[in-house]
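One structure is given here, and the rest of the page talks about it.
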Amino acid sequence: MTELVDVRTPNPKNFFPGEDHDWELVIGLEVHAQVTSNAKLFSGSSTKFGNAQNSNVSLVDAAMPGMLPVINEECVRQAVKTGLGMNAKINKRSVFDRKNYFYPDLPQGYQISQLYHPIVGEGEITIQVGPDKQGNFESVDIGVERLHLEQDAGKSMHDQHPTMSFVDLNRSGVALMEIVSKPDIRSIDEAKAYVTKLRSIVRYLGTCDGNMDQGSMRADVNVSVRKPGGEFGTRCEIKNVNSIRFMGQAIEYEAKRQIDILEEGGSIDQETRLFDPVKGETRSMRSKEEAHDYRYFPDPDLLPLEFDDAYIEEIRAELPELPDVKRTRLMGEGLSEYDASILVSDKSYADYFEQVAEGRDAKIAANWVINDLLGAINKAGKDIEDSPVSAEQLGGIIDLIKNDTISGKIAKDLFEIVFNEGGDPPKIVEDRGMAQVTDTGAIESAVDEIIAANPDKVQQAIEKPAMIGWFVGQVMKATGGKANPQAVNKLLREKIGG
Amino acid sequence: MTDLTKLTISELREGFKAKSFTSLEATNAFIDAIDTSNETLNAYIVQTADIARERAAASDAKLAKGEGGALEGIPVGIKDLYATLDVHTQACSHILDGFQPRYESTVTQNMFDDGAVMLGKLNMDEFAMGSSNETSYYGPVTNPWKRVGEQTDNGTALVPGGSSGGSAAAVAADLCAAATASDTGGSIRQPAALTGTVGIKPTYGRCSRLGMVAFASSLDQAGPITKDVRDSAIMLGSMASSDPRDTTCVDMPVPDYEAAIGKSIKGMKIGIPKEYRLDGMPQEIEKLWEQGKAMLRDAGAEIVDISLPHTKYALPAYYIVAPAEASSNLARYDGVKYGLRVDGKNIEEMYENTRAEGFGEEVKRRVMIGTYVLSAGFYDAYYTRAQKVRTLIKRDFETVFDNGIDCILTPATPSAAFAIGDKEMAADPVKMYLNDVFTVTVNMAGLPGISVPAGLSDEGLPLGLQLIGKPFEEGTLFQAGTIIEEAAGRFNAPRWW
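Going down the list, the sequences are from chains A and B.
If you count by our numbering, then the first sequence holds residues 1 to 498, one letter each, in order.
If you count by our numbering, then the second sequence holds residues 1001 to 1497, one letter each, in order.
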């Protein structure tokens, strides 16, 4: 294993307060990301989630005598693609090793993994921490140590029978990418931003669906504390954390636990711990002494994995635009860093936005997507993929403002109607008479009526031109909000002066 | 009428063609022979007479139409290591109790596709770990050969070698026309040598390992044991194939091995490695080796002294690599999914009880050795070094072949067959391991090796010579092996059983 190197400058905003001095967290993450593929890593069985128990199981997955693994090339492509997405070194030769241990949901008695020669070496992920109160983001580079391919295990079920445990092998042999960070993370926010960014990258690449609630992504979190900038402390590893929120809670609990021990003069035992989301605490799973000896050795059933530069370049050519590049591009198109960051944070947001912005003003499209659409969707607890307002419908609404059919205010009402009831925006506007009045004659008579009824206000407006706003409001009220505000303004200025 | 059980594959083939007899007649003759002899020899652990008669009849129908594959109607025995659909497959271990796979190994499928008729499953050392067939859960196999003057029921019963002891004994005792075997460190060639039969371990990757119960994956290879060299060529031609389901199996066409039989070896360069001349090697082995050289020289080959300097490290390195892989390969026998389960208070106890009861002593010994050499702190000292030795051994052979040597002649075993229950070997497992001293190098280098009977010991027991070839040049071994066979003659065990 490589020597641990500290590449960060301690930043007081990350410190944890202590009795005598502040504490700094050092965090490293091992993220297990399920490879998006139709078949398992070494067998032809389906990887479909939610199928009946033990229905996605081949003779290989069940470790029948004499059965042999055969590498699924699609999983190799996906791993290389993910490596390229992290600007990592792709190893043209890698080797599968066996990690030996006994467990009922591990039919072979070993997991095929890559210890000594992983498929992907060092890389880097740039995370955006924030926004802070000013809406600014801090960019931080987090080193990636490696990415390797390995098999998932099956699932033990202890609640199915009074005296027996059952095993479901549907997951057994499914391909995972284990992505190991360097110990470069210094705060809970950074850890969350790292996982968020990693998830975003694999989703952009289509190499992992990133669904943490289905177990497609989970993290082992290594936490230690130290005096700011001091020597690395002894770490504890929290296993199998399956949501970003839980990860934050687990790190916070673990950091406080370690700080308490150290401040009482104790020392940290290197151990593996489990996070209990119900109690919000971590508890010891096994100590260093109880750690397994996995007896890794190269799997003699599999040849080393070898490919050439052409193979890597072919995959590189397929890479989509990734979040960092997209954010820079969107900022170049006039979006603020805040807006661009929100939109690229999730591929589905960005896809939606780009559809809306196609042929329209990017800034206006961004405002609508971020403020109105995402707001409404979050409130309704929906995903953008099944948004009641399609990108096409939202684009239609924006077009109606643009061509002066409706005012911005009416547009908000229209959005709500489409969100709740659906329908074609221009048709709704027509059917419900929502189009704004651009007939100057009709507006002029309304203006004249208001002026005539309020001579005192007219006098005030002549002295204080800002009072024109009051008249605008009255005219809009009188026309049911449908008068074109520009036209109203223009007429009022002509008639009142100012 | 001729005793059909004494015929070779090629003779049976001719007889079928000439309609002198049918496959069903031959099959019935073997079934009768097994019924008569198996209680004494214990070569078969399961008989599949019904399946055999059914397949023989099907073969006869094809043969009648002038159709059929290379092994059409040939009655064969299958080592219990090969997965055979719905038929007992336990690698002769207690831990696989009751296991009948729902799949067929690639090798047996190839043979059945070619028309082979399966008579039953053959005894073997448990998980192919042993050199005497004494580690089988189903008891030892008795070699049909006994020492001169002891050829009675009461004479000292000898081992047939191992691990393919059942295969070798069945072929030698005419209980099948040919048998499948497997070789990890000598498990085809040593029993062939000890029973007067021919056995070839092909190049690693020539036969698919799919459906063979794994012992040591980087060393295991399928191969046949037969009555003569031609039969080995016919059998290997059927067993070998490419297989997309075994990535260590090569994607190369299978040559016509039989075409090599009878070709002249004039001008062929035969290497004689000086490192195979061991201290304390019995005089009769030395003599046999000299006779072999003479046979090949007389046929026009050039005999060349060569050196394979790392030979002495092969056996110790083998006994690190093979147990290491075995300790991992055998982890799947845990009582959870199939085979034997001995319950316990919790899962750990169930594992312990199952594996304690399910594995025999030799298997446990090797699992423990393998676990030890792979454990933290020992891995580099043992496993990594053994792999380096393996590279050196391979390089030794490459150098020799690069210098123009076509094949290498060595003794197959350091001695003739020994007694079942030999006290010295029982007391010291390393003595038993020494049986593989001439054969393991070939597995470590992944090369093909054939054992051909070449003479009798002073006690009247068969002895074999080994020919080692270049990768995927099995044809050369059949070619040169035929020369030895023709010069030495074939050896049949005098019947006492």
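Note that the Cβ used here is the ideal one computed from N, Cα and C, for glycine as well.
Considering only the beta carbon of each residue, do Ala1326(B) and Gly1370(B) sit closer than 8 Å? yes
Whole-angstrom C-beta distance between Ala191(A) and Glu30(A), which should lie under 8 Å: 12 Å between Cβ atoms; not a contact.
Compute the distance between the beta-carbons of Lys112(A) and Pro69(A), then report whether it is under 8 Å. In the sequence under discussion, the amino acid at residue 112(A) is Ile, which differs from the Lys named in the question. Contact flag set, yes.
Is there at least one Cβ from chain B nearer than 8 Å to Leu303(A)'s Cβ? yes
Based on the DSSP secondary-structure assignment, which residues constitute the bridge partners of Ile1200(B)? Ile1450(B)
Contact residues within the region 413 to 441 of chain A, judged by C-beta distance below 8 Å to chain B: Within the region 413 to 441 of chain A, no residue places its CB atom closer than 8 Å to a CB of chain B.
Let me see if you follow: with CB-CB separation under 8 Å, is Val1336(B) close to chain A or not? yes
Which residue spans inside the region 94 to 178 of chain A form an unbroken beta strand (DSSP E) run of at least 3? 97 to 100, 110 to 113, 123 to 129, 138 to 151, 155 to 157, 166 to 168
What residues of chain A sit near Gly1098(B), judged by a beta carbon separation below 8 Å? Neighbours of Gly1098(B) on chain A: none; closest Cβ ~13 Å, over 8 Å.
Between the region 1355 to 1369 of chain B and chain A, which residues of the former have a C-beta closer than 9 Å to a C-beta of the latter? none
Quick check on His505(A): buried or exposed, where buried means 16 or more other Cβ atoms within 10 Å of its Cβ? This structure does not reach residue 505(A), given that chain A is present from 1 up to 498, and the question cannot be answered.
Can you find a C-beta in chain B that's less than 8 Å from the C-beta of Gly173(A)? no
Interface residues of chain B facing Tyr110(A) [CB-CB closer than 7 Å]: Ser1328, Ala1331
Select from Arg146(A), Ser45(A), Arg316(A), Leu322(A) the residue whose C-alpha is nearest the C-alpha of Asn56(A). Ser45(A)
Whole-angstrom C-beta distance between Ala1445(B) and Lys1394(B), which should lie under 8 Å: 5 Å
From Arg1385(B) to Tyr1318(B), what distance separates their C-alpha atoms? 11 Å
Taking CB distances under 8 Å as the criterion, tell me whether Asn100(A) reaches chain B. yes
Best match in Asp1125(B), Phe1438(B), Ser1241(B) for proximity to Ser1093(B) [C-alpha to C-alpha]: Asp1125(B)
Quick one: measure Cβ to Cβ for Ile244(A) and Val195(A), integer angstroms, because I've assumed they're closer than 8 Å. 5 Å
When the distance is taken between beta carbons, is Arg1055(B) closer than 8 Å to Val1107(B)? No, the pair does not count as a contact, with Cβ atoms beyond the cut-off.
Distance, Cα to Cα, Tyr1276(B) vs Val1304(B)? 14 Å
Taking all protein chains shown into account, decide if Val325(A) is buried (16 or more other Cβ within 10 angstroms of its Cβ) or exposed. exposed
Which whole-angstrom value describes the C-beta separation of Gln1191(B) and Ala1168(B), a residue pair presumed to lie in contact below a C-beta threshold of 8 Å? Strictly speaking, residue 1191(B) in this sequence is Pro, with Gln absent from that position. The Cβ separation is near 4 Å, so the contact holds.
Cα-Cα separation between Gln53(A) and Val174(A), rounded to whole angstroms: Approximately 14 Å between the Cα atoms of the pair.
Can you grab the Cα-Cα spacing for the pair Phe297(A) / Arg98(A), in whole Å? 6 Å
Does Ser1242(B) have its Cβ less than 8 Å from a Cβ in chain A? No, Ser1242(B) lies away from the interface with chain A (no Cβ there is under 8 Å from its Cβ).
Mind checking who Asn222(A) pairs with in its DSSP beta bridge? Gly28(A), Glu237(A)
Proximal residues of chain E, C-beta to C-beta of Ala62(A) below 8 Å: Considering every chain present, this structure includes no chain E. Its protein chains are A and B.
So if I threshold CB-CB distances at 9 Å, which residues from the region 288 to 317 of chain A count as touching chain B? Taking 9 Å as the Cβ-Cβ cut-off against chain B, the residues of the region 288 to 317 of chain A that qualify are Asp293, Tyr294, Arg295, Tyr296, Phe297, Pro298, Asp299, Pro300, Asp301, Leu302, Leu303.
Please confirm if Met1118(B) has its CB atom under 8 Å from at least one CB of chain A. no
Taking a contact to mean a Cβ-Cβ separation below 8 Å, would you say Lys482(A) touches Val429(A) in this structure? no
Give me the residue from Ser1136(B), Leu1409(B), Ser1182(B) with the minimum Cα distance to Leu1096(B). The candidate whose alpha carbon is nearest that of Leu1096(B) is Ser1136(B).
Is it a yes or a no for the region 266 to 280 of chain A touching the region 69 to 87 of chain A, going by three-plus beta-carbon pairs under 8 Å? no
How is the alpha helix (DSSP H) around Glu430(A) delimited, first residue to last? 425 to 431
How big is the Cα-Cα spacing for Phe1127(B) and Gln249(A)? 51 Å
Does the separation of the CB atoms of Ala1216(B) and Ala1381(B) fall below 8 Å? no
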